[in-house]
Every structure is written in C-alpha cells, then in structure tokens.
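In the working numbering, the protein residues as written are 36 to 225. To keep things clear, I will list the structure first and then write my remarks on it.
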Ligand code: SF4
Ligand code: SF4
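Structure below.
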C-alpha cells in the first residue's frame, strides 16, 4: 500500500560478519562503557541536604498576583484557561459589588480559580496569555501528596499574601516575581 507521506525508506538487512556473529567484541565494548562509568563522578545529589540550582528560566508553581494596594489583579477573563494546552485551569467569574472595590481591581473577578497541578505541564502559556499581570509561575515545587484532590490548587493556595496584612510576605513574593520577570526578559532578548 502506498504510504500517505511517501517518506518510506526501504532498508536492506546486510548479513552479519563472523566477528559480529561472535558478539564478543560488542560485549567487551559494553563492559568497557560500564566500567568507565564506575570511576566517573556521580551525578546524584543528597537531596534535601544538597540542592541543585534552578535554571534561571525554571517554571514551578503558579501564583495569583495582587497590586500594591492588595487588590486581586485577575479579572476572570479566561484567557489563561483558553491558552492552557493541558486544560488545567478552571474558574468562575463574579461581579464586584460596590463594597468590594478594595478587594478587586476590575468590575469582574474570579470567585473560583483552580489549577489542577496533575494536569499542568508548567509550560508558562497561562502567564504569557494573561493581560492583567495576574498569574506567574514561581520557583516552587508542588509538594508531594497522597490524594489527587490535594493537587487541585484553589485561590487560597494561589493568591500571594495581602500587602496590608502581611507586608513582608508580600514584598518577598514580589521580589521573586521581579527576579522571575527579569530572567524571562533576558531569555526573550537572547
Ligand atoms: S503552565 Fe501551562 S499547563 Fe500549566 S496551567 Fe499554565 S498553561 Fe496550563
Ligand atoms: S489570570 Fe489573567 S488571563 Fe487568567 S483569568 Fe485572570 S486575568 Fe484572565
């Protein structure tokens, strides 16, 4: 049958030589590689005492960002969910009430926002798609756990600390964000 792509390559199988049929040279070659590795420096490290440095463009757990006044930046536009190739993000939008202006920047906000970390492939497309500077990937891992449910991160897990109630934690999270942004900018300029 004619292949659709027409890229089929027919290979000829050559008969083995006497040396190849004896297998001994190849066994000796394999053993030489094995013994060679025994004297090399081991690539394993004693985690958690020793930690491997991250790549400058490492992408880990997500955070939902706030502005300097502590208002949530996310406006539940859904662009991150649409951009996500793993369909890991779900959200429910709600309308801001007049007495909630100190909580949310825009008239619409995410009443529920969830990321399934078991689906996520940490590609960073959600971060790139967000027009509100609201979602970032950090240098933190999702900790190991025993249940699938515990890998579904909701808003309480994702939102960075409020600068009014936890100014130090907010500054620390912002500092990491700035470093992350600088790294991504440097990467894009390469
Ligand atoms: S990092 Fe990629 S896979 Fe993970 S939630 Fe964002 S877009 Fe989806
Ligand atoms: S995180 Fe950004 S892209 Fe996603 S819903 Fe919120 S504002 Fe839209």
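We treat Cβ as the ideally placed atom computed from N, Cα and C, and that holds for glycine.
Can you give me the C-alpha to C-alpha distance between residue i and residue j, rounded to a whole angstrom?
i           : j           : result
residue 65  : residue 77  : 19 Å
residue 42  : residue 102 : 55 Å
residue 107 : residue 153 : 25 Å
residue 9   : residue 177 : With the chain running from 36 to 225 in the structure shown, residue 9 is simply not present.
residue 81  : residue 70  : 23 Å
residue 172 : residue 87  : 19 Å
residue 52  : residue 59  : 13 Å
residue 138 : residue 210 : 22 Å
residue 206 : residue 68  : 51 Å
residue 221 : residue 113 : 28 Å
residue 84  : residue 96  : 22 Å
residue 201 : residue 164 : 28 Å
residue 203 : residue 100 : 15 Å
residue 148 : residue 128 : 9 Å
residue 132 : residue 208 : 28 Å
residue 213 : residue 46  : 55 Å
residue 140 : residue 182 : 34 Å
List the whole-angstrom C-beta distance separating residue i from residue j, where the pair is believed to meet the contact cut-off of C-beta under 8 Å.
i           : j           : result
residue 179 : residue 156 : So it is not a contact: roughly 18 Å between Cβ atoms.
residue 145 : residue 190 : 7 Å
residue 193 : residue 98  : 6 Å
residue 170 : residue 115 : 6 Å
residue 119 : residue 161 : 6 Å
Applying the 10 Å Cβ sphere with the 16-neighbour rule, what's the burial state of residue i?
i           : result
residue 91  : exposed
residue 61  : exposed
residue 54  : exposed
residue 126 : buried
residue 56  : exposed
residue 217 : exposed
residue 111 : buried
With a floor of 4 residues, list each alpha helix (DSSP H) that falls wholly inside the segment 57 to 100, ordered by position along the chain.
-> List check, alpha helix (DSSP H) in window: 59 to 73.
What are the start and end residues of each continuous alpha helix (DSSP H) run of 4 or more residues lying completely inside the segment 116 to 198, in chain order?
-> 160 to 164, 190 to 193, all fully within the segment 116 to 198.
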